[in-house]
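In the numbering used here, the protein residues as written are 764 to 879.
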């Protein structure tokens with residue numbers, strides 16, 4: 764009985780600890796929230812200008828973390844900080860879900876690295 768209670772307690776603790784990892788955004792909501800992103804990153808998330816990253820098909824976690832880093836200043840870009848500072852955590856999750864669900868034109872780094 765004691766062992767069963769210990770295992771049950773461990774299972775509950777693990778479930779509660781992993782709940783934030785399971786949280787995800789809503790891509791449909793993200794589409795509306797990403798309207799400002801289109802100016803630089805393109806309507807399809809595949810920026811044409813090489814100075815702007817292509818977001819379509821990028822990893823959900825990467826987009827989410829990058830937006831948080833712009834928002835709190837760990838990434839230093841005044842334009843992105845201005846946009847990200849207005850976003851809630853849910854906005855960030857939704858935008859990350861939207862761009863990560865889109866088809867990407869990323870295939871290799873050929874032609875995108877200095878010296879190629």
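Even for Gly, the Cβ is constructed at its ideal location relative to N, Cα and C.
For residue i versus residue j, is the C-beta distance shorter than 9 Å?
i           : j           : result
residue 833 : residue 851 : no
residue 830 : residue 801 : no
residue 808 : residue 867 : yes
residue 863 : residue 822 : yes
Return the Cβ separation of residue i and residue j in integer angstroms, given the expectation that the two are a contact with Cβ distance under 8 Å.
i           : j           : result
residue 798 : residue 804 : Actually they are not in contact, since the Cβ atoms of residue 798 and residue 804 sit about 11 Å apart, beyond 8 Å.
residue 819 : residue 865 : 4 Å
Whole angstroms is fine: what's the gap from residue i's alpha carbon to residue j's?
i           : j           : result
residue 788 : residue 824 : 11 Å
residue 845 : residue 860 : 21 Å
residue 836 : residue 855 : 15 Å
residue 813 : residue 796 : 23 Å
residue 853 : residue 842 : 21 Å
residue 790 : residue 826 : 13 Å
residue 839 : residue 817 : 19 Å
In three-state DSSP terms, what is residue i?
i           : result
residue 840 : coil
residue 812 : coil
residue 868 : coil
residue 850 : coil
residue 830 : helix
residue 823 : helix
residue 787 : coil
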